[in-house]
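A.B. asks: Dropping the structure in here first, questions after.
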Amino acid sequence: MNSLASPSPATASRSETLSGSVRVPGDKSISHRSFMFGGLAAGETRITGLLEGEDVLRTGEAMKAMGARIEKADGEWIIQGVGNGCLLEPVAPLDFGNAGTGARLTMGLVGTYDMATTFVGDASLSKRPMGRVLDPLREMGMQVVSAADGGRLPLTLRGPKRAAPISYRVPMASAQVKSAVLLAALNTPGITTVIEPIMTRDHTEKMLAGFGAELEVETDAEGVRHIRIQGEGRLSGQTIAVPGDPSSAAFPLVAALIVPGSDVTIENVLMNPTRTGLIDTLMEMGGNIEVINRRDAGGEEVADLRVRHSDLSGVTVPPARAPFMIDEYPVLAVAASFAQGETVMDGLDELRVKESDRLAAVARGLEANGVDCTEGEASLTVRGRPGGKGLGGGTVETHLDHRIAMSFLVMGLAAEKPVTVDDRGMVATSFPEFFDLMAGLGAQID
1 MNSLASPSPA TASRSETLSG SVRVPGDKSI SHRSFMFGGL AAGETRITGL LEGEDVLRTG
61 EAMKAMGARI EKADGEWIIQ GVGNGCLLEP VAPLDFGNAG TGARLTMGLV GTYDMATTFV
121 GDASLSKRPM GRVLDPLREM GMQVVSAADG GRLPLTLRGP KRAAPISYRV PMASAQVKSA
181 VLLAALNTPG ITTVIEPIMT RDHTEKMLAG FGAELEVETD AEGVRHIRIQ GEGRLSGQTI
241 AVPGDPSSAA FPLVAALIVP GSDVTIENVL MNPTRTGLID TLMEMGGNIE VINRRDAGGE
301 EVADLRVRHS DLSGVTVPPA RAPFMIDEYP VLAVAASFAQ GETVMDGLDE LRVKESDRLA
361 AVARGLEANG VDCTEGEASL TVRGRPGGKG LGGGTVETHL DHRIAMSFLV MGLAAEKPVT
421 VDDRGMVATS FPEFFDLMAG LGAQID
C-alpha cells in the first residue's frame with residue numbers, strides 16, 4: 001500500500017448469522033520463506049497456495065532484484081533460483097513497503113554477502129526498529145553503512161569479504177531474529193548456532209531442512225533449543241503447497257464465535273503447534289471450535305475448523321503463549337470484549353514494535369467503542385459485555401496496520417452499534433480477499 005494514498009474508511013454493522021465454508025489465503029510466514037528459499041536454491045521451485053498479498057510480493061520482487069527468476073503460470077509460482085552463495089548485488093534499493101518480515105529476513109540473507117544492499121519501506125515500516133536483527137549480523141562481520149535514527153529504514157548494509165560463524169543466544173522471543181541469523185549462516189563457512197530459550201514459530205528450520213540445508217535442532221534439559229546449521233551448503237528447489245494462514249483464519253473464526261447463530265467452516269488451516277495459541281485460548285474461553293480432518297501437508301499439519309457461535313468467558317492467557325499467537329492479540333481482544341468477565345493478556349512487549357504500537361492501538365480502539373479495558377506496559381485487560389450491548393459507535397485509528405483494521409471490523413459485526421476503521425487500504429498487505437470472503441459469509445461491511 002502507498003502510505004500517501006487517500007484513506008478509505010470502512011464500517012462494519014451488526015450482522016445476521018454468518019454461515020458457509022471458506023478457505024483463507026496461504027500462510028504469510030511460509031509464503032515469505034518460499035520465495036526466499038526458492039530464489040536462493042539451485043534449480044526449480046514450484047509453489048501453490050502462496051499468499052499473494054503485497055507484503056509477500058515485495059519479498060518476491062527483492063529476490064528477483066538479486067537474480068532469481070520468478071513467474072506465475074496456471075495458478076502456480078515457478079522460481080528458478082540462483083544457488084546458495086550466488087545472490088547478485090541489487091542495482092536499486094529493495095522496497096519492502098509494509099513488510100517487516102520480508103525486510104528483516106532479507107537483511108539476514110544478504111548480510112553475509114560482500115555487497116551493498118539498501119532497504120526502504122513505507123511510513124509504517126520506517127518507524128520499526130531493526131537493531132535486534134542488525135546486532136547479530138554485525139557479529140558475523142556485516143557493517144551498517146547508513147541508517148535512519150535508531151537503526152531504522154532507510155538503511156544500507158555491506159557484508160564482509162568472508163563472514164564469521166557465531167553462536168548467538170536470542171535475547172527475546174523472535175522468530176525473525178532467529179531466522180535472520182540462520183539465513184546469514186547459509187553464506188558463512190563453518191557451523192553457526194542459534195540458541196533459543198523460548199521456542200518461536202519453526203518454519204525456517206523446517207523449510208531449510210526441506211531444501212537440503214545441513215541443520216540440526218537439539219533441546220536441552222531446560223527446554224532451550226540449540227539450532228546448528230552448516231554454512232555454504234547446497235539448497236535444491238522444492239515443490240511447496242502453502243497451507244492456510246492461521247493468522248488470517250482468526251478473523252472469520254472470531255466473527256463466527258461472536259455473531260449469534262453462526263456456523264462457519266474454515267478449511268485447510270495450518271495447525272503447527274507454534275501457531276495455534278489463539279485457537280487454544282478461544283477454546284479455553286468456551287469457544288465451540290471443532291478441529292476436523294487433520295492431515296499432513298508437506299511436513300506441516302493442517303486441519304479444517306468448524307466454528308459456531310459461543311458464549312465466551314474471560315480467562316487469563318499465559319504469558320508463555322505469546323510467541324505462539326503474537327499477531328492474534330488484537331482480534332483476541334475483540335473476542336474478549338464480548339465475553340463474560342475479565343480477560344487478562346500479559347507478556348505483550350512484542351506488540352509495541354509491530355506494524356504499529358499494536359498494544360496502544362488496540363486499547364484506543366476498544367475505548368473508542370465502549371469497551372472497559374486497562375493497558376499496561378506489556379499487558380491488556382479487557383472486561384467484556386456479553387451480547388455486545390452498548391459496544392460500537394466509534395472510529396478506530398488503524399495506524400496503517402492491517403490487523404488493527406480487520407480486528408475492529410470483526411467487532412462491528414456483533415456490536416450494538418457500527419464500528420468504523422479510518423482506512424481499509426492496508427488490508428491488502430496480508431489478506432486481499434478479506435472483504436469478499438467475509439461478505440460471502442454474510443458479514444455487513446461497507
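Just so it is clear: in the sequence shown, position 332 is 332 by the UniProt record's numbering, and no numbers are missing. Note that CB positions come from ideal geometry on N, CA and C, so glycine has one too. Remember, predicted model here, so these are calculated numbers, not experimental data.
Do the CB positions of Gly-438 and Phe-324 come within less than 9 angstroms of each other?
C.D. replies: Looking up residue 438 in the sequence shown gives position 438. Looking up residue 324 in the sequence shown gives position 324. Residue identity check: residue 438 is Met in the sequence provided, not Gly. Contact flag unset, no.
A.B. asks: With H, G and I counted as helix, E and B as strand and the rest as coil, what does DSSP make of Lys-28?
C.D. replies: In the sequence shown, residue 28 corresponds to position 28, counting from 1. Residue state, collapsed to three classes: helix.
A.B. asks: From Thr-274, Pro-273, Leu-312 and Gly-299, pick the residue whose C-alpha is nearest to that of Met-285; which is it?
C.D. replies: Reading the sequence shown from its first residue, position 285 is the one you call residue 285. Answer by Cα proximity: Leu-312.
A.B. asks: So, for Ser-34: in the same chain, excluding its five sequence neighbours on each side, which residues have a beta-carbon less than 6 angstroms away from its beta-carbon?
C.D. replies: Residue 34 sits at position 34 when you count from the first residue of the sequence shown. Same-chain partners within the cutoff: Ile-47 and Ile-240.
A.B. asks: Which two residues bound the contiguous beta strand (DSSP E) that contains Gly-43?
C.D. replies: For the purposes of this step, residue 43 is identified with residue 43 of the sequence shown, where counting begins at 1. First-last of the beta strand (DSSP E) with Gly-43: 42-48.
A.B. asks: Taking the alpha carbon of Leu-182 as the point to measure from, which residue in Ala-213, Lys-161, Thr-11 and Arg-152 has its own alpha carbon closest?
C.D. replies: Position 182 of the sequence shown, counted from the start, is the residue given in the question as residue 182. The residue with the shortest Cα to Cα distance from Leu-182 is Ala-213.
A.B. asks: Tell me which same chain residues have a C-beta within less than 6 angstroms of the C-beta of Ala-12, skipping the five on either side of it?
C.D. replies: The residue labelled residue 12 in the question sits at position 12 within the sequence shown. Same-chain partners within the cutoff: Leu-409, Gly-412, Leu-413, Val-419 and Ile-445.
A.B. asks: State yes or no: is the C-beta of Val-224 within less than 9 angstroms of the C-beta of Pro-197?
C.D. replies: Walking along the sequence shown from the start, residue 224 turns up at place 224. Walking along the sequence shown from the start, residue 197 turns up at place 197. Yes, they are a contact pair.
A.B. asks: When DSSP builds the beta bridges, which residues end up paired with Gly-412?
C.D. replies: Position 412 of the sequence shown, counting from 1, holds the residue named residue 412. Answer is none; Gly-412 lacks a bridge partner.
A.B. asks: With a threshold of 16 other CB atoms inside 10 Å of the CB of Ser-430, please say whether the residue is buried or exposed.
C.D. replies: Working through the sequence shown from its first residue, we reach residue 430 at position 430. Ser-430 comes out buried.
A.B. asks: Report the partner residues of Arg-225 according to the DSSP bridge assignment.
C.D. replies: Stepping through the sequence shown from its first residue, residue 225 is reached at position 225. Paired residue(s): Glu-196 and Thr-219.
A.B. asks: Classify Val-91 as buried or exposed, calling it buried when 16 or more other Cβ atoms lie within 10 Å of its own Cβ.
C.D. replies: Mapped onto the sequence shown, residue 91 falls at position 91. Classification for Val-91: exposed.
A.B. asks: Starting from Pro-154, follow the beta strand (DSSP E) in both directions and report where the run begins and ends.
C.D. replies: To locate residue 154, count along the sequence shown from 1; it is residue 154. Per DSSP, Pro-154 belongs to the beta strand (DSSP E) from 152-158.
A.B. asks: Could you name each continuous alpha helix (DSSP H) segment of 4 residues or more that falls completely within the stretch 255-324, going from the start of the chain to the end?
C.D. replies: Qualifying alpha helix (DSSP H) stretches, in chain order: 277-284.
A.B. asks: When the Cα atoms are used, what is the spatial distance from Gly-75 to Ala-103?
C.D. replies: Working through the sequence shown from its first residue, we reach residue 75 at position 75. Working through the sequence shown from its first residue, we reach residue 103 at position 103. Spanning the two alpha carbons is a distance of roughly 26 angstroms.
A.B. asks: Measure the alpha-carbon distance for Met-113 versus Ala-180 and round it to whole angstroms.
C.D. replies: In the sequence shown, the residue the question calls residue 113 occupies position 113. In the sequence shown, the residue the question calls residue 180 occupies position 180. Sequence check: residue 113 is Tyr here, not Met. Approximately 13 angstroms, taken between the alpha carbons.
A.B. asks: Does the distance from the C-beta atom of Thr-276 to that of Pro-246 stay below 9 angstroms?
C.D. replies: On the sequence shown, residue 276 is found 276 positions in, with the first residue counted as 1. On the sequence shown, residue 246 is found 246 positions in, with the first residue counted as 1. Result yes, Cβ atoms of Thr-276 and Pro-246 sit closer than 9 angstroms.
A.B. asks: Would you mind reading off the limits of the alpha helix (DSSP H) that contains Val-353?
C.D. replies: Within the sequence shown, the letter at position 353 stands for residue 353. Element bounds for Val-353: n/a, residue is neither H nor E.
A.B. asks: Tell me which residues share the same chain as Pro-9 and place their Cβ nearer than 6 angstroms to its Cβ, disregarding the 5 neighbours each side in the sequence.
C.D. replies: Mapped onto the sequence shown, residue 9 falls at position 9. The residues are Thr-420 and Asp-422.
A.B. asks: Is the separation between the beta-carbon of Leu-88 and that of Met-107 shorter than 9 angstroms?
C.D. replies: For the purposes of this step, residue 88 is identified with residue 88 of the sequence shown, where counting begins at 1. For the purposes of this step, residue 107 is identified with residue 107 of the sequence shown, where counting begins at 1. Going by C-beta atoms, Leu-88 is not nearer than 9 angstroms to Met-107.
A.B. asks: Looking at Val-382: is its Cβ nearer than 9 angstroms to the Cβ of Val-254?
C.D. replies: Here residue 382 refers to the residue found at position 382 when the sequence shown is read from its first residue. Here residue 254 refers to the residue found at position 254 when the sequence shown is read from its first residue. In this structure, Val-254 does not lie closer than 9 angstroms to Val-382 by Cβ.
A.B. asks: Helix, strand or coil, according to DSSP, for Ser-430 in the structure here?
C.D. replies: Mapped onto the sequence shown, residue 430 falls at position 430. Coil, per DSSP.
A.B. asks: Quick one: grab the DSSP three-state call for Ile-166.
C.D. replies: Sequence index remark: in the sequence shown, residue 166 carries index 166 (1-based). In this structure, Ile-166 counts as coil in the three-state DSSP scheme.
A.B. asks: Where does Gln-176 fall in DSSP's three states?
C.D. replies: One-based indexing of the sequence shown puts residue 176 at position 176. Note: Gln-176 maps to helix in three-state DSSP.
A.B. asks: Taking all protein chains shown into account, do 16 or more other C-beta atoms lie within 10 angstroms of the C-beta of Glu-216, making it buried, or fewer, making it exposed?
C.D. replies: Walking along the sequence shown from the start, residue 216 turns up at place 216. Its Cβ having fewer than 16 others within 10 Å, Glu-216 is exposed.
A.B. asks: Taking Leu-380 as part of the beta strand (DSSP E), name the residues at either end of that continuous run.
C.D. replies: Indexing the sequence shown from 1 puts residue 380 at position 380. Run containing Leu-380: 379-383, per the beta strand (DSSP E) assignment.
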